[in-house]
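Peer 1: 67 is the number of the first residue of the sequence shown in our numbering; add one for each residue after it.
Where is the CB? At the ideal position from N, CA and C, for every residue including glycine.
Given the structure is predicted, the values throughout are model-derived calculations rather than measurements.
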Amino acid sequence: MKATVKWTDGRQFVAEAGSGHSVVIDGPPDHGGHNTGPRPMEMLLMGMGACTSFDVLEILEKSRAPVSDCVASVEAERADAVPSVFTRIHVHFTVSGRGLKEKQVKRAVELSADKYCSASIMLAKGGVEVTHSFTIVED
Numbered sequence: 067m068k069a070t071v072k073w074t075d076g077r078q079f080v081a082e083a084g085s086g087h088s089v090v091i092d093g094p095p096d097h098g099g100h101n102t103g104p105r106p107m108e109m110l111l112m113g114m115g116a117c118t119s120f121d122v123l124e125i126l127e128k129s130r131a132p133v134s135d136c137v138a139s140v141e142a143e144r145a146d147a148v149p150s151v152f153t154r155i156h157v158h159f160t161v162s163g164r165g166l167k168e169k170q171v172k173r174a175v176e177l178s179a180d181k182y183c184s185a186s187i188m189l190a191k192g193g194v195e196v197t198h199s200f201t202i203v204e205d
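(1) Do the region 123–134 and the region 103–110 make contact, defined as three or more Cβ pairs closer than 8 Å?
(2) Which residue marks the beginning of the alpha helix (DSSP H) containing ALA174, and which one marks its end?
(3) By Cβ distance below 6 Å, which residues in the same chain neighbour SER162 in space, the five residues on each side in sequence not counted?
(4) Provide the residue span of the beta strand (DSSP E) that contains LYS72, from first to last.
(5) Less than 9 Å separating the beta-carbons of GLY103 and ASP92?
(6) Whole angstroms are fine: how far does the CA of ALA131 sit from the CA of LYS167?
(7) According to DSSP, is SER150 part of a helix, a strand, or is it coil?
(8) Who does SER139 pair with in a DSSP beta bridge?
(9) Less than 6 Å between C-beta atoms, sequence neighbours within five positions excluded: which residues of the same chain meet that for SER129?
(10) Which same chain residues, not among the five before or five after MET114, have their C-beta less than 6 Å away from its C-beta?
(11) Which residues in the same chain have their Cβ closer than 8 Å to the Cβ of VAL172, if we skip the five residues on either side of it in sequence?
(12) Among the candidates SER150, ARG164, GLU143 and ALA81, whose CA atom is the shortest distance from the CA of THR197?
(13) From the DSSP output, which residues share a beta bridge with ALA81?
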């Protein structure tokens, strides 16, 4: 896996993944940015949320769960001192569908957290307290 990050101006960068997809990453104006994209640490948090969501959906679909929507709300706390690393991350899934079973959703979230989500497992091994919860919404 590879990526390139090219500085464009101020604190704005264009990151390109090995797959060819690009995203603008930027800082706030008070740090020389233009506020045209997410901050680097926000990208890390969004990537983790997408990684675990990918797993949860794949697990639920393989178990033929009738999922119509899945939203991961990710909240993080950071250390006050530099480096301002993540100290705690909580992911709350809102999974929608008709006739979803709590046991299936719980299992999918747990498997992602404990076995499959490389991003969240890597952060947890680095000392971040990572927690998960979920709500089921009946369509």
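Peer 2: In terms of the structure at hand:
(1) When Cβ pairs closer than 8 Å are counted between the two stretches, the region 123–134 is seen not to touch the region 103–110, the count staying below three.
(2) In the sequence shown, residue 174 corresponds to position 108, counting from 1. Its alpha helix (DSSP H) spans residues 168–177.
(3) For the purposes of this step, residue 162 is identified with residue 96 of the sequence shown, where counting begins at 1. Within the same chain, SER162 has close Cβ partners SER134, ASP135, VAL203 and ASP205.
(4) To locate residue 72, count along the sequence shown from 1; it is residue 6. Counted as a single uninterrupted DSSP element, the beta strand (DSSP E) harbouring LYS72 occupies residues 69–75.
(5) Counting from 1 along the sequence shown, the entry for residue 103 is found at position 37. Counting from 1 along the sequence shown, the entry for residue 92 is found at position 26. For GLY103 and ASP92, yes; Cβs fall inside 9 Å.
(6) As a position in the sequence shown, residue 167 is number 101, starting the count at 1. As a position in the sequence shown, residue 131 is number 65, starting the count at 1. If you take the alpha carbons of LYS167 and ALA131, they lie about 8 Å apart.
(7) Within the sequence shown, the letter at position 84 stands for residue 150. Three-state DSSP puts SER150 in coil, outside helix and strand.
(8) As a working note, residue 139 is residue 73 in the sequence shown. Residue pairing by DSSP puts SER139 in a beta bridge opposite HIS158.
(9) Numbered from 1 along the sequence shown, position 63 holds the residue referred to as residue 129. Counting only Cβ-Cβ distances below 6 Å, and skipping sequence neighbours, we find GLN170.
(10) Taking the first residue of the sequence shown as 1, we reach residue 114 at position 48. Answer for MET114: ALA185 and SER186, listed in chain order.
(11) The residue you call residue 172 lines up with position 106 of the sequence shown. With the sequence shown as reference, residue 172 is identified as Lys, and Val is not the correct amino acid for it. Counting only Cβ-Cβ distances below 8 Å, and skipping sequence neighbours, we find PHE200.
(12) As a first step, residue 197 must be located in the sequence shown, where it is residue number 131. Selected option, being the one with the closest Cα: GLU143.
(13) If you number the sequence shown from 1, residue 81 lands on position 15. According to DSSP, ALA81 bridges with VAL71 and VAL89.
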